[in-house]
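For reference, each letter of the sequence shown is one residue, going 64 to 344 in the working numbering.
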Amino acid sequence: MLSYRHSFHAGNHADVLKHLVLMLILENMKLKEKGFYYLDTHSGVGRYRLSSDEAEKTGEYKEGIGRLWEQTDLPETVSRYVELIKRINYGGKSLRYYAGSPMIAAQLLRPQDRALLTELHPSDFPLLRNNFKEFKNISVKRDNGFQQLKATLPPKERRGFVLIDPPYELKEDYDLVVKAIEEGYKRFATGTYAIWYPVVLRQQTKRIFKGLEATGIRKILKIELAVRPDSEQRGMTASGMIVINPPWTLENQMKAILPYLAKTLIPEGTARWTVEWITPE
Numbered sequence: 064m065l066s067y068r069h070s071f072h073a074g075n076h077a078d079v080l081k082h083l084v085l086m087l088i089l090e091n092m093k094l095k096e097k098g099f100y101y102l103d104t105h106s107g108v109g110r111y112r113l114s115s116d117e118a119e120k121t122g123e124y125k126e127g128i129g130r131l132w133e134q135t136d137l138p139e140t141v142s143r144y145v146e147l148i149k150r151i152n153y154g155g156k157s158l159r160y161y162a163g164s165p166m167i168a169a170q171l172l173r174p175q176d177r178a179l180l181t182e183l184h185p186s187d188f189p190l191l192r193n194n195f196k197e198f199k200n201i202s203v204k205r206d207n208g209f210q211q212l213k214a215t216l217p218p219k220e221r222r223g224f225v226l227i228d229p230p231y232e233l234k235e236d237y238d239l240v241v242k243a244i245e246e247g248y249k250r251f252a253t254g255t256y257a258i259w260y261p262v263v264l265r266q267q268t269k270r271i272f273k274g275l276e277a278t279g280i281r282k283i284l285k286i287e288l289a290v291r292p293d294s295e296q297r298g299m300t301a302s303g304m305i306v307i308n309p310p311w312t313l314e315n316q317m318k319a320i321l322p323y324l325a326k327t328l329i330p331e332g333t334a335r336w337t338v339e340w341i342t343p344e
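The following block contains the structure:
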C-alpha cells in the first residue's frame with residue numbers, strides 16, 4: 064500500500080517540529096571535524112511546491128511554516144531553520160517551496176559527510192532522484208528504508224544519524240519502527256536515531272513508547288507538540304520526535320523553543336508540548 068503522499072502535508076506544524084530537531088542534531092554532529100553518515104529511510108521527494116494541487120488542497124503549510132515565514136521575533140534557533148527554507152525560495156521573498164528532510168540535510172552536510180536517501184513510492188522516487196542528482200555525497204535508492212538499517216550499519220565513518228519517518232499508513236508501521244531501531248542499535252549502538260510519529264489514536268502511539276522501553280535501550284528522549292487535545296475523531300492532534308542517543312544539548316534547546324512554537328503555530332491557545340525521557344541514561 065503506497066497511497067501516502069507527503070506533498071499534502073509539507074510544511075505543516077509536524078514538519079516544523081521534525082525539521083527543527085533534524086537541524087539541531089545535524090548541527091551538533093558537525094561540531095566534530097570527522098565526517099558522518101546520514102540515513103533518511105522515508106525520504107519523499109525532498110522538495111515540495113506549495114502551489115501544487117496537493118499542498119493547496121489541504122493548506123496545512125499555512126499553519127506551519129507559513130506562520131513563521133514573516134515573523135520578526137523568531138528565536139535564534141527557529142530563525143536558522145527558517146533561513147534553510149528561505150534558501151530554497153531564492154532568498155525568501157515569497158514562500159513557494161518547502162524543504163523535506165533530505166533537503167534540510169543536504170544544506171547542512173559538509174563534503175566529508177555522506178547521505179543515503181531511500182524512497183519506495185513509484186511516483187516520488189524519480190522526483191527524489193532528480194532533486195539530488197547534483198549532490199556528490201548523497202546517494203538515492205528505491206528501496207524499503209527499514210531494510211537499510213540492516214544493510215548499511217555500522218557506517219564506515221563510525222559516526223551516524225538515522226531519521227525514520229514512515230507514513231504510518233499501516234498499523235504495522237508502529238511496530239516496524241521499533242524493530243528497525245532494535246536492528247540498527249545491535250549493529251551501531253553509538254549512533255543517533257530519530258523517529259517521527261503522529262498522534263492520531265494515542266493508543267497506537269503508545270505502542271512505540273512501550274516497544275522501545277521493552278528493548279532495554281537507554282537514553283531515549285521524547286519531544287511532542289500537540290495542537291489540540293487527543294480525540295477519537297479522525298485527524299492528527301499532535302506529533303513528536305523520539306531521539307535515541309540525542310546530543311546532550313537537545314533537551315534544553317527544545318524546551319527553550321517549544322513555548323514559542325506553541326503560541327505562534329497555534330494561536331488559539333490549545334497547544335501543549337512535552338520534552339521528557341522515555342528511558343534516561
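Don't be surprised by glycine CBs; every beta carbon is placed ideally from N, CA and C.
Only a predicted model underlies this, so the values are computations on that prediction, with no experimental measurement involved.
Query: Measure the CB-CB distance between L191 and G107 and report whether it falls below 9 Å.; Result: yes
Query: Give me the residue from R177, H72, Y160 with the minimum Cα distance to L89.; Result: R177
Query: Give the C-beta separation of L284 and E314 to the nearest angstrom, bearing in mind that I take them to be a contact with Cβ-Cβ under 8 Å.; Result: 6 Å
Query: For M299, does the three-state DSSP call read helix, strand or coil?; Result: coil
Query: Within the continuous alpha helix (DSSP H) that includes R265, where are the two ends?; Result: 265-278
Query: What ranges does the beta strand (DSSP E) occupy inside the segment 172-238, keeping only unbroken runs of at least 3 residues that lie completely in it?; Result: 177-181, 201-204, 223-227
Query: Within the same chain, show all residues whose beta-carbon is closer than 7 Å to that of K213, passing over the 5 residues directly before and after it, in chain order.; Result: E246
Query: If you draw a straight line from the C-alpha of K273 to the C-alpha of M86, how long is it?; Result: 27 Å
Query: Could you pull the start and end residues of the beta strand (DSSP E) that T327 belongs to?; Result: Careful: T327 lies outside any beta strand (DSSP E), inside the alpha helix (DSSP H) at 313-328.
Query: When we look at the beta-carbon of S66 and count the other beta-carbons within 10 Å, is it buried (16 or more) or exposed?; Result: Note that S66 scores a pLDDT of 43, beneath 50, so its modelled location is shaky; the value from the coordinates is reported in the next line. Looking at its Cβ environment, which holds fewer than 16 other Cβ atoms inside 10 Å, S66 is exposed.
Query: Where I5 and L275 are concerned, what is the direct C-alpha to C-alpha distance, given to the nearest angstrom?; Result: Residue 5 falls outside the range modelled here, since the chain spans only 64 to 344, and no answer is possible.
Query: Nearest by alpha-carbon distance to F198: which of V290, G155, Q175, A252 is it?; Result: Q175
Query: Specify the secondary structure class of V240 as computed by DSSP and reduced to three states.; Result: helix
Query: List the endpoints of the continuous alpha helix (DSSP H) containing Y144.; Result: 139-150
Query: Taking L294 as the reference, which of L321, K282, V262, R270 has the closest Cα?; Result: At residue 294 the sequence reads Ser, which differs from the Leu that was named. Nearest of L321, K282, V262, R270 to S294, Cα basis: V262.
Query: Within this structure, are the beta carbons of G98 and L180 separated by less than 9 Å?; Result: no
Query: Measuring straight from C-alpha to C-alpha, what distance separates Q267 and V241?; Result: 13 Å
Query: For A252, is the classification buried or exposed, using 16 other Cβ atoms within 10 angstroms of its Cβ as the cut-off for buried?; Result: exposed
Query: Are L372 and Y111 close, meaning C-beta to C-beta below 9 Å?; Result: Outside the modelled stretch of the chain, which goes from 64 to 344, sits residue 372, for which no answer is possible.
Query: Thinking C-beta only, is W132 closer than 9 Å to V141?; Result: no
Query: Below 8 Å on the Cβ atoms is my guess for R143 versus Q170; work out the distance and round it to an integer in Å.; Result: R143 to Q170, Cβ: 11 Å. No contact.
Query: Quick check: W336 and L264, are their CB atoms within less than 9 Å of each other?; Result: no
Query: Thinking C-alpha only, which one of R250, G254, I271 is nearest Y260?; Result: I271
Query: Exposed or buried, which one is N194 when buried takes at least 16 other CB atoms within 10 Å?; Result: buried
Query: Going by other Cβ atoms of all chains shown within 10 Å of its Cβ, with 16 needed for buried, is M64 buried or exposed?; Result: Model confidence at M64 stands at a pLDDT of 44, short of 50, so the residue's coordinates are unreliable; what they give is reported in the following sentence. Exposed, since its Cβ has fewer than 16 Cβ neighbours within 10 Å.
Query: Which residues does DSSP pair with L288 in a beta bridge?; Result: S302, W336
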